[in-house]
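Comments concern the structure below.
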Amino acid sequence: MENKPKASEEQLAYAGVLNIGMWIGLFLLVVTFIVYISGVLPSYVPIEKLSEIPQGSNVPYWGMRAHEFNQAFNVPTGWGWIRLAGKGDYLNFVGIAMLGGLSILCYLVILPILMKKKDTSYVVIATLEVAVLLLAASGILKAGGH
Amino acid sequence: MFMRQGGNGLIHSREVLKILIVVLTIMAICVSISAFASETQEVAKETASASTTPWWVWPLALFVVTFILGILAVLGGVGGGVLFVPIIGGFFPFNIDFVRGAGLLVALAGALAAGPGLLRRNLASLRLALPVALIASSAAIVGAMIGLALKPNVVNTLLGATILFIVAIMVTAKKSDFPNVAKPDNLSQSLHIMGIYREESLGKDIEWQVHRTPQGLALFIVIGVMAGMFGLGAGWANVPVLNLLMGAPLKISVATSKFLLSITDTSAAWVYLNQGAVLPMIVVPSIVGIMLGSMVGVKILVKAKPKAIKWMVIWLLLFAGLRALLKGLEIWK
Numbered sequence: 001m002e003n004k005p006k007a008s009e010e011q012l013a014y015a016g017v018l019n020i021g022m023w024i025g026l027f028l029l030v031v032t033f034i035v036y037i038s039g040v041l042p043s044y045v046p047i048e049k050l051s052e053i054p055q056g057s058n059v060p061y062w063g064m065r066a067h068e069f070n071q072a073f074n075v076p077t078g079w080g081w082i083r084l085a086g087k088g089d090y091l092n093f094v095g096i097a098m099l100g101g102l103s104i105l106c107y108l109v110i111l112p113i114l115m116k117k118k119d120t121s122y123v124v125i126a127t128l129e130v131a132v133l134l135l136a137a138s139g140i141l142k143a144g145g146h
Numbered sequence: 147m148f149m150r151q152g153g154n155g156l157i158h159s160r161e162v163l164k165i166l167i168v169v170l171t172i173m174a175i176c177v178s179i180s181a182f183a184s185e186t187q188e189v190a191k192e193t194a195s196a197s198t199t200p201w202w203v204w205p206l207a208l209f210v211v212t213f214i215l216g217i218l219a220v221l222g223g224v225g226g227g228v229l230f231v232p233i234i235g236g237f238f239p240f241n242i243d244f245v246r247g248a249g250l251l252v253a254l255a256g257a258l259a260a261g262p263g264l265l266r267r268n269l270a271s272l273r274l275a276l277p278v279a280l281i282a283s284s285a286a287i288v289g290a291m292i293g294l295a296l297k298p299n300v301v302n303t304l305l306g307a308t309i310l311f312i313v314a315i316m317v318t319a320k321k322s323d324f325p326n327v328a329k330p331d332n333l334s335q336s337l338h339i340m341g342i343y344r345e346e347s348l349g350k351d352i353e354w355q356v357h358r359t360p361q362g363l364a365l366f367i368v369i370g371v372m373a374g375m376f377g378l379g380a381g382w383a384n385v386p387v388l389n390l391l392m393g394a395p396l397k398i399s400v401a402t403s404k405f406l407l408s409i410t411d412t413s414a415a416w417v418y419l420n421q422g423a424v425l426p427m428i429v430v431p432s433i434v435g436i437m438l439g440s441m442v443g444v445k446i447l448v449k450a451k452p453k454a455i456k457w458m459v460i461w462l463l464l465f466a467g468l469r470a471l472l473k474g475l476e477i478w479k
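Chains A and B are the protein sequences, given in the same order. Be aware that the first sequence starts at 1, since it is given in this note's numbering, and climbs by one per residue. Be aware that the second sequence starts at 147, since it is given in this note's numbering, and climbs by one per residue.
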């Protein structure tokens with residue numbers, strides 16, 4: 001039997017966590033979306049409102065800039081959506097956040113493997129990457145809108 | 147070409163005709179959607195803000211269009227993001243902020259789905275990806291913040307120009323299956339960026355190494371910024387840099403690029419998410435549509451002619467890029 005070159009231990013570990021997390025995230029995304037559109041849980045922003053054009057405007061709500069939309073509906077930014085996770089629309093953010101957090105989890109899984117191998121440069125790279133992704137996820141960074 | 151006699155000439159003409167029909171059909175669908183959006187907005191304005199279109203029409207249309215885009219993306223060898231943002235942004239009534247947020251999540255979902263298989267088969271290289279991902283993901287955060295701060299017409303203009311640039315790359319860029327890397331550079335040697343994989347088409351193991359790593363990393367700063375700013379997946383840029391500049395074999399470059407998106411797009415997607423630029427009503431139908439389309443695309447790929455599909459994708463991108471550019475310049479509103 002031919003021996004194919006094998007992926008490294010950390011590469012296989014990364015792949016394993018990524019695979020499980022990806023399927024869980026996608027499953028959550030689909031289930032929570034069904035909950036959303038079926039109206040089982042009331043939405044924070046009524047579904048019918050999304051395509052509506054507010055008085056004094058010439059674009060529908062989902063045609064507005066994100067910060068204008070958020071102001072119109074008093075939508076929390078950053079991790080404020082957690083308070084609204086019981087609402088049909090914001091429940092979807094659970095699956096979205098899961099997919100967004102998966103890479104961070106994978107890096108944390110491979111860090112001990114890299115340390116065990118004394119692969120110092122990649123321990124540093126992986127640690128820095130975790131810091132970058134956590135910074136992005138933290139909600140500290142703000143962007144101005146026009 | 148059309149007048150040439152003989153079997154090959156006639157077959158070529160039929161292929162060109164099929165491509166033209168598909169491209170024109172998709173263009174007609176997009177223009178119709180855009181016209182429908184404008185018309186319903188006009189009616190809604192006149193009838194004092196009540197929407198005349200049931201809310202479910204748009205997510206359903208989105209699902210259908212992204213399903214088609216998913217098929218084309220696989221057949222054309224491009225990522226979902228590069229097709230998604232200009233086409234959905236150009237022809238649907240959603241603001242470009244929400245389209246970019248969705249585009250990043252669409253590209254992310256695709257990369258997360260493909261990543262495990264590519265890593266296990268040793269086609270995506272963690273050693274090559276991690277240093278590149280650190281640079282690109284940091285830059286993508288900056289790009290996302292800049293992108294959300296810019297006015298929509300500026301974003302659309304720059305997006306249109308970028309898409310047209312991507313078209314130029316797709317038309318002119320060569321690919322190298324097995325680049326010749328005589329000597330790895332000091333950085334790639336110190337980081338042990340090298341590997342070995344089984345090339346099934348040749349039935350043998352291929353050892354690879356890279357060079358020009360500092361130059362490659364510098365380019366990934368630019369790539370990361372653009373990915374974050376426009377909500378594009380950046381695979382269109384990753385592959386030429388990894389393959390043509392750094393000398394990684396083509397399969398390693400394509401696979402590592404796909405995996406790389408899962409990290410680069412994560413950082414930018416979080417910025418959009420935290421700024422409230424993500425709407426589930428746009429994100430979820432798009433992700434499901436593109437992923438189902440990709441699965442169908444993989445099945446069709448066996449029978450499809452790659453070059454013909456590639457040209458189809460190029461024409462579509464040209465159309466979508468022009469649309470974004472003209473929309474940004476307020477010539478075609």
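Even glycine gets a Cβ: it sits at the ideal position worked out from N, Cα and C.
Between residue i and residue j, is the Cβ-Cβ spacing less than 8 Å?
i	j	result
B:Phe405	B:Leu265	yes
B:Asn389	B:Pro325	yes
A:Gly88	A:Leu29	no
B:Leu391	B:Arg358	yes
B:Asn420	A:Gly16	no
A:Ser169	B:Thr412	Because chain A spans 1 through 146 in this model, residue 169 of chain A falls outside it and cannot be assessed.
B:Leu221	B:Ile446	yes
B:Gly223	B:Val288	no
A:Met98	A:Ile24	yes
A:Asn53	A:Pro60	As written in the sequence, residue 53 of chain A is Ile, which differs from the Asn given in the question. A contact, by the Cβ cut-off of 8 Å.
With DSSP as the reference, label residue i as helix, strand or coil.
i	result
A:Ile34	helix
A:Gln55	coil
B:Asp411	helix
B:Ala194	Unreliable positioning characterises B:Ala194 in this predicted model, as indicated by a pLDDT of 45, which lies under 50. The coordinate reading is nonetheless provided below. In the structure shown, B:Ala194 sits in coil (DSSP, three-state: anything other than H, G, I, E or B).
B:Trp461	helix
B:Gln335	helix
B:Arg358	coil
B:Glu476	coil
A:Tyr44	coil
B:Met375	helix
A:Arg65	coil
B:Met392	coil
A:Arg83	helix
A:Glu10	helix
A:Ile125	helix
B:Lys350	strand
A:Gly101	helix
In chain A, which residues lie with their C-beta within 9 Å of the C-beta of residue i?
i	result
B:Ile342	Pro5
B:Trp204	Leu50, Ser51, Trp62
Who are the neighbours of residue i on chain B, taking C-beta pairs under 9 Å?
i	result
A:Glu9	Within chain B, no residue comes near A:Glu9; the closest Cβ sits about 10 Å away, beyond 9 Å.
A:Pro42	Neighbours of A:Pro42 on chain B: none; closest Cβ ~14 Å, over 9 Å.
A:Phe27	Simply none; closest approach about 12 Å.
A:Leu111	Those do not exist, as A:Leu111 stays about 11 Å from chain B at its closest Cβ, beyond 9 Å.
A:Ser121	Pro277, Ser336, Leu337, His338
A:Asn74	Near A:Asn74 there are no residues of chain B at all, since even the closest Cβ is about 11 Å away, more than 9 Å.
Buried or exposed for residue i, please, with buried defined as at least 16 other CB atoms from any protein chain shown within 10 angstroms of its CB.
i	result
B:Met372	buried
A:Phe27	exposed
B:Leu348	exposed
A:Arg65	buried
B:Ala314	exposed
A:Ile34	exposed
A:Glu9	exposed
A:Gln71	exposed
B:Val300	exposed
B:Lys191	Low confidence applies here, because B:Lys191 scores a pLDDT of 49, under 50, leaving its location unreliable; read the following figure in that light. Flag for B:Lys191 reads exposed.
B:Val317	exposed
A:Ala7	buried
B:Gln151	Residue confidence is low: B:Gln151 scores 39 on pLDDT, short of 50, so the model does not pin down where it sits. Its coordinate-derived value is still stated next. Exposed.
In chain A, which residues lie less than 7 Å from residue i when you measure between Cβ atoms?
i	result
B:Asp351	Pro5
B:Asp243	Arg65, Ala66
B:Gly240	Correcting the residue identity first, residue 240 of chain B is Phe in this sequence and not Gly. Those are Trp62, Gly63, listed as they occur along chain A.
B:Thr199	Ser51
Determine the chain B residues that contact residue i at a beta-carbon separation under 7 Å, and present them in chain order.
i	result
A:Thr77	Asn420, Gln421, Gly422
A:Gly100	Thr412, Ala415, Trp416, Leu419
A:Ser103	Ser408, Ile409, Thr412
A:Gly86	What A:Gly86 touches in chain B: nothing, since even the nearest Cβ is about 15 Å away.
For a contact meaning CB atoms closer than 8 Å, what does residue i contact in chain B?
i	result
A:Leu141	Ile287, Met291, Val417, Asn420
A:Val132	Leu280, Ser283, Ser284, Ile287, Ser413
- Task: Determine, using beta-carbon pairs with one atom in the segment 201 to 213 of chain B and one in the segment 418 to 433 of chain B, whether at least three such pairs fall under 8 Å.
- Result: Put simply, the segment 201 to 213 of chain B touches the segment 418 to 433 of chain B. At least three CB pairs are less than 8 Å apart.
- May I ask you to verify whether the segment 217 to 230 of chain B touches the segment 253 to 262 of chain B, counting CB pairs closer than 8 Å and requiring at least 3? yes
- Mind the definition here: the segment 306 to 316 of chain B touches the segment 469 to 477 of chain B only if three or more C-beta pairs lie below 8 Å; say whether that holds. Yes, since at least three Cβ pairs between the segment 306 to 316 of chain B and the segment 469 to 477 of chain B fall closer than 8 Å, the two stretches touch.
- State whether the segment 82 to 102 of chain A contacts the segment 51 to 68 of chain A, with contact taken as three or more CB pairs (one from each stretch) at a distance under 8 Å. Note that the segment 82 to 102 of chain A does not touch the segment 51 to 68 of chain A; fewer than 3 beta-carbon pairs, one per stretch, sit closer than 8 Å.
- Three CB pairs or more closer than 8 Å across the segment 330 to 341 of chain B and the segment 353 to 368 of chain B: yes
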